[in-house]
Structure formats: C-alpha cells, structure tokens
RNA sequence: GGAAGCGUGGCCGAGUGGUUGAAGGCAGCGGUCUUGAAAACCGCCAAGGGUUUGCGCCCUUCGUGAGUUCGAAUCUCACCGCUUCCGCCA
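Residue numbers (the working numbering): 89 to 537.
Given below as structure tokens:
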C-alpha cells in the first residue's frame with residue numbers, strides 16, 4: 089500500500105510514476121473521495137468533541153449533586169446525527185482503503201521504464217552453456233527415461249499441472265531443498281523457519297496477494313455451514329451482523345514469502361534485531377489461472393511446487409544493500425551447482441504488484457535453448473510493511489515502517505529441471521553435481537533403473 | 001468435541017459506569033552525583049489520525065464486532081485467540 093500522504097501531497101507525480109508500470113491512477117476519484125472524507129471527518133470530530141465535553145459536564149454536575157436534566161436535553165438529539173456521520177465516515181474510509189489496496193507499488197527511480205519482458209535489462213551472465221555432441225532431450229524425456237518422472241499418474245491422482253517423482257529423482261528433489269536450506273542457514277546467516285502452509289486473509293493482504301489476486305490462489309473453506317441458534321438470535325436482535333465469518337476459509341500459500349514476511353505483522357521490532365533474515369522451504373500452490381496453454385509440458389509450471397525462500401526485514405537505509413546481498417545468496421546456489429544463468433533487472437512494466445525493484449535470475453535450459461526464470465528477488469520497500477503495520481524503532485525512538493526484501497533461493501522444481509537438462513549424458517543418464525552427492529548417499533550418476 | 005479461566009501501552013501489571021489514555025513497576029531517553037561505571041535521586045516517555053505556517057487544539061484506540069447509556073477498559077451479546085483439565089488424535 090502506498091502512503092496516503094504521498095497521494096495527498098504529490099498526486100500527479102505519483103500518478104506519473106505509476107503510469108510507467110502501466111497503472112492508470114484515477115486521480116479524479118481519489119480527489120473526490122478524499123474531499124468527502126475530509127469534510128465528513130471534520131464534522132464528525134466536532135460532534136464527538138461536543139459530546140465528550142458535555143458528558144464530562146454531566147459527570148461533574150452529578151458529582152456536585154446538581155440537577156442535570158437541562159444539560160441532558162442539550163445532547164439528546166446529538167446522538168442520532170453523530171451515529172449517521174460516523175457510519176458515513178466509515179463507508180468513505182473503507183472506499184478509500186479499497187481504492188488504495190489495489191494500487192501497485194511505485195517503481196524505484198533506477199528501474200528501467202518498459203512495457204514487457206522484452207524491455208528488461210540483462211545485467212550479467214555466469215557460466216557457459218555446455219555443448220552437447222548428441223541430440224539434447226528435454227527434462228520430461230530424460231526423467232521418464234530414468235523412470236523417475238511420471239506425469240500420467242500425477243494426472244490420474246490430481247489432474248494437469250502436477251508431477252510425480254520417484255526413486256533417485258525424488259531423492260534429488262529432496263537433496264536440492266536440503267542443500268539450499270543448509271547453504272543459506274549455515275553460510276549466509278539466515279534463520280531456518282518452518283511455517284504454516286495455510287494462512288488467513290490478513291496475511292495475504294499483508295504481502296499484497298489480496299484483495300487483487302484472489303483468482304491466483306487456492307482458497308480452502310472449513311467450518312460449520314449453518315449458524316447456531318444463538319447466532320441467529322443475535323443476528324435478528326442486532327440486525328447488523330450477518331452470517332459472514334462463520335463459514336471460514338484459509339488460503340494455500342503461493343510462496344513462503346507470505347507466512348515468513350507476516351512474522352513481523354503488527355510488530356515493532358527492536359532495531360538491534362535488524363536485519364531479520366529468514367529462510368524457509370515450503371510447497372507453493374498456485375492456480376495458474378490465465379496461463380492456459382503456457383508451459384503445459386513438464387514441471388516448469390505446476391499447481392504445486394517446492395521453493396526455498398529468502399526473506400529479509402530491514403531498515404529503509406539498508407534495504408537495497410540487502411537486496412543485492414540476497415540476490416548474491418541465490419546466485420551462489422546456481423554457482424555451486426555449476427548451472428549457467430543470467431541476472432535480469434525487470435522493467436517497470438514487468439514487475440509484480442508489490443515490488444519497487446526486482447531482479448530475476450534465469451537458468452539456462454538447453455532443450456529450450458534459452459534462459460528461464462528460476463528466482464525472483466525484490467525490494468518492496470515499505471509497501472508490504474504498511475499493509476502489515478510492521479515497524480521498527482528508529483534512532484529517534486519512534487516506530488517506523490520496515491522494508492521487506494525477498495527472493496527465491498531457489499525454486500526447487502525448476503532447479504531439478506535445470507540439472508536434468510544441463511547434466512544429461514548421451515546414454516540418458518544424469519551426472520549429479522558434486523555438492524549434492526553427500527545428500528544422495530554418495531551417488532554420482534543417476535541411471536535408468 | 002466438553003468444562004473452566006484469561007485477553008489492558010515495548011514488557012509486567014492495577015483498574016467493574018463519569019476530568020482514566022489509563023495507577024504502579026520494568027525497559028528506554030535526559031539530568032544530578034562520579035575520574036569512569038554502577039547505585040541512588042529528579043524529570044521525560046503509547047500508537048494511529050484530523051486540523052494548523054507554528055505553538056497547539058481535537059478525534060480514535062484497553063482481543064474483534066455489535067448493543068445499552070448523555071457518558072463504557074468497566075454492563076449485555078456474538079466472535080476470535082491463549083491457558084488449564086477431560087476426550088480424541090500424528
């Protein structure tokens with residue numbers, strides 16, 4: 089969420105910057121809502137002040153044993169008008185909040201302006217794609233050839249966009265996650281965390297998945313379908329309350345970013361604890377609505393995949409340094425695995441809703457003869473922190489919003505794909521990168537069973 | 001799932017209808033004292049918002065939401081969370 093003060097004070101400038109990422113801010117609507125809010129709020133507060141002052145008088149007069157009926161008459165009809173105004177103010181403020189909640193973050197000044205993926209800037213390349221003196225297979229053929237990758241059975245069990253791993257490939261998948269977790273925890277100073285995979289709506293709002301992107305999520309209902317008698321009575325008596333809230337739901341996390349970042353929601357973190365650095369290995373669940381027909385073959389785009397996520401909670405001064413370091417931590421994994429990659433700085437038009445700056449790491453996939461995203465590292469500045477009310481105590485001792493930074497380190501499934509394709513051999517076997525062998529019981533090559 | 005209890009500021013903890021945004025303590029900040037530190041003593045210390053050039057003034061907030069009342073941390077109802085006991089379960 090953007091700072092509403094920024095919109096009040098520099099509306100056209102904010103609108104211009106949002107326009108670079110393709111978001112057209114409705115400034116007329118904002119000014120209208122804001123004007124309404126202002127007049128109603130001023131009037132409401134005047135009446136509240138009057139009510140409070142009069143009530144105090146009544147209290148004082150009663151204490152002195154005086155007759156209060158005259159003063160009481162004075163405020164008798166104040167209540168109705170005040171209640172109406174308060175309700176109206178609530179409505180306007182909710183509208184304003186709704187308006188703010190769907191505005192994306194402002195891009196950092198250094199982010200290249202562009203419309204799409206094509207306008208991203210390649211920053212650097214690492215490693216040299218291997219030359220193969222045989223016909224390269226994609227990960228699906230390799231995996232199926234090894235008897236460890238089975239999409240048909242996964243489709244029977246669940247449907248499209250799921251995969252089933254068996255034997256050494258399942259173990260390789262586990263080895264990758266362990267290796268990443270160990271590297272980040274032991275060498276990069278992250279605290280390993282185990283987190284809930286089902287979260288509430290507040291957490292999803294905090295990191296920006298809600299309210300705008302509900303269709304990308306899996307929503308899991310639970311709870312009683314019927315209200316109890318007491319609730320029915322309460323609803324009838326008050327008239328105001330609805331049945332809402334009894335039928336509840338969780339959301340399956342689309343990334344560990346959600347539960348991990350929300351660790352600091354509604355907290356004031358002592359400054360000496362910053363930066364907080366967390367790493368978590370979790371499954372991620374995405375509906376992939378709107379991606380029909382894209383990456384339908386293989387395990388590139390799945391409803392369920394594993395990811396090791398890095399999250400840093402920092403101060404505003406440190407957040408861009410933190411982003412560079414976190415990017416480096418993610419790159420380290422690919423370097424240790426010996427997988428060629430490149431780093432891309434996303435342009436304004438290609439960035440996610442909440443990000444102020446994003447680097448993508450793309451790994452080389454020989455079968456596709458191209459680089460594909462395997463990690464996305466972003467600084468969200470105070471955008472998520474404001475939604476979460478996540479703060480720290482600054483040098484002046486005042487609470488101030490933290491900055492949040494996160495990135496994949498890495499997507500486990502896509503790393504598995506990259507290893508299968510980059511480390512394939514002429515006979516269909518796959519060479520295991522050195523660093524993974526301790527996790528594979530010393531195995532150096534995966535061969536067909 | 002059943003029973004009981006509890007939810008107050010960064011933390012602990014008073015407070016059961018009227019100048020209570022909230023005693024007291026801890027932590028923090030400033031000062032006196034000290035060569036320095038500690039101790040002792042004195043003072044300051046919630047957040048969010050509105051309005052104002054500024055001093056300031058005002059509003060909201062005691063788990064959440066409704067309600068009663070001129071007035072609610074305090075009374076009523078519902079919900080959420082936590083703790084303990086019983087049951088069940090990995």
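Backbone N, C-alpha and C fix where the C-beta goes; we use that ideal spot for every residue, glycine too.
None of the values given here were measured: they were computed from a predicted structure.
Short Cβ contact (7 Å threshold) for residue i with residue j
i           : j           : result
residue 284 : residue 371 : no
residue 266 : residue 236 : no
residue 173 : residue 132 : yes
residue 359 : residue 480 : yes
residue 397 : residue 455 : no
residue 508 : residue 110 : no
residue 437 : residue 202 : yes
residue 475 : residue 300 : no
residue 227 : residue 433 : no
residue 424 : residue 523 : yes
residue 420 : residue 264 : no
residue 339 : residue 307 : yes
residue 287 : residue 394 : no
residue 180 : residue 117 : no
residue 269 : residue 369 : yes
residue 414 : residue 451 : no
residue 139 : residue 113 : no
residue 191 : residue 90  : yes
residue 463 : residue 485 : no
residue 250 : residue 258 : no
residue 539 : residue 107 : Look at the range of the chain in this structure, 89 to 537, and you will see that residue 539 is not part of it.
residue 128 : residue 95  : no
residue 280 : residue 289 : no
Whole-angstrom C-beta distance between residue j and residue i, which should lie under 8 Å
i           : j           : result
residue 449 : residue 489 : Wrong, their Cβ atoms sit about 28 Å apart, outside the cutoff.
residue 357 : residue 388 : Going by Cβ atoms, the distance from residue 357 to residue 388 rounds to 37 Å, so no, they are not a contact pair.
residue 366 : residue 193 : About 21 Å; that fails the 8 Å criterion.
residue 492 : residue 477 : That belief does not hold up - the Cβ atoms of residue 492 and residue 477 are roughly 12 Å apart, past 8 Å.
residue 461 : residue 377 : Contact doesn't hold; Cβ gap of about 19 Å is too wide.
residue 337 : residue 310 : 7 Å
Where the alpha helix (DSSP H) containing residue i begins and where it ends
i           : result
residue 54  : Only positions 89 to 537 of the chain appear in the structure, and residue 54 is not among them; the question remains open.
residue 253 : Careful: residue 253 lies outside any alpha helix (DSSP H) and carries neither H nor E.
residue 187 : 166–189
residue 120 : 115–151
residue 227 : 227–233
residue 156 : Element bounds for residue 156: n/a, residue is neither H nor E.
residue 500 : 500–510
Closest Cα partner of residue i within the set the options
i           : options               : result
residue 390 : 265, 405, 305 and 457 : 305
residue 159 : 93, 296, 149 and 487  : 149
residue 408 : 262, 447, 378 and 336 : 447
residue 81  : 375, 431 and 383      : With the chain running from 89 to 537 in the structure shown, residue 81 is simply not present.
residue 233 : 513, 482 and 296      : 513
residue 364 : 296, 350, 195 and 251 : 350
residue 216 : 162, 290 and 510      : 510
residue 537 : 94, 254 and 220       : 254
residue 161 : 145, 528 and 373      : 145
residue 213 : 521, 429 and 498      : 429
residue 515 : 224, 373 and 353      : 224
residue 384 : 399, 248, 443 and 184 : 248
residue 196 : 411, 354 and 246      : 411
residue 41  : 354, 295, 101 and 229 : Only positions 89 to 537 of the chain appear in the structure, and residue 41 is not among them; the question remains open.
Boundaries of the beta strand (DSSP E) in which residue i is found, first to last residue
i           : result
residue 368 : 364–373
residue 93  : Segment 92–97 is the alpha helix (DSSP H) holding residue 93; no beta strand (DSSP E) there.
residue 212 : 209–214
residue 340 : 336–340
residue 352 : No beta strand (DSSP E) holds residue 352; DSSP gives it neither H nor E.
residue 308 : 307–310
Tell me the start and end of each unbroken beta strand (DSSP E) in the region 439–490 that is at least 3 residues and wholly inside, in chain order. 445–453, 458–469, 479–481 and 487–489
3-residue-minimum beta strand (DSSP E) runs that sit fully inside the region 369–428, ordered along the chain: 392–402
In chain order, which continuous runs of the beta strand (DSSP E) of length 3 or greater are located wholly inside the region 245–296? 279–281
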